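Written out below as structure tokens is the structure these notes cover.
Numbering (my numbering), first residue to last: 54 to 214.
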């Protein structure tokens, strides 16, 4: 599997935030996911958040699993500015996506949203979910250079809810 450069990680995490902004403009929560091919250059899919059970990452993983072979997805990378929740991590696991890169932790998201009824964050890390499976999914994050951009986007959205 080709390892993404730090610059590629930043580029695709910023794209994830752009997809999150698209979600906001459509009236959805500001989360976006990007699936990148094994060459670490080609964007295969982008997906914004839809609702509380169709998160950007889980929706993208389901679409990817129905369009690409599992062996191919194992070589791909899913980028998301916010660490995938336990539901999304499980879907990524079952879709057989081999690497996940995220910018900000789920714990930091909770600090942005507080105890918001629209986003009842669970304290279950992606690492915990992946460690309890039989696949060695590579998890890279948090990426500190993207964290403040992501916090700003999240606070901008949640302060108006």
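For every residue, glycine included, the Cβ atom is placed at its ideal position computed from N, Cα and C. Model, not experiment: these values are computed from the prediction.
- Residue burial annotation: residue 59 is exposed, with fewer than 16 other C-beta atoms found within 10 angstroms of its C-beta.
- Per the coordinates, the alpha-carbon of residue 135 lies some 12 Å from the alpha-carbon of residue 164.
- The segment 177–186 makes no contact with the segment 196–212; the number of CB pairs closer than 8 Å stays below 3.
- Per the DSSP secondary-structure output, residue 100 pairs in a beta bridge with 86.
- Of all alpha-carbon atoms in 92, 109 and 171, the one lying nearest the alpha-carbon of residue 70 is that of 109.
- In the three-state DSSP reduction, residue 75 falls in the helix class (H, G or I).
- Taking 9 Å as the cut-off, the beta carbon of residue 73 is found closer than this to the beta carbon of residue 206.
- Residue 143: member of the alpha helix (DSSP H) spanning 139–148, first to last residue.
- By alpha-carbon distance to residue 145, the top candidate from 166, 88, 61 and 170 is 88.
- When secondary structure is reduced to three states using DSSP, residue 116 falls in the helix class.
- The criterion of a C-beta distance shorter than 9 Å is not satisfied by residue 55 and residue 104.
- Per DSSP, the unbroken alpha helix (DSSP H) holding residue 182 starts and ends at 179–184.
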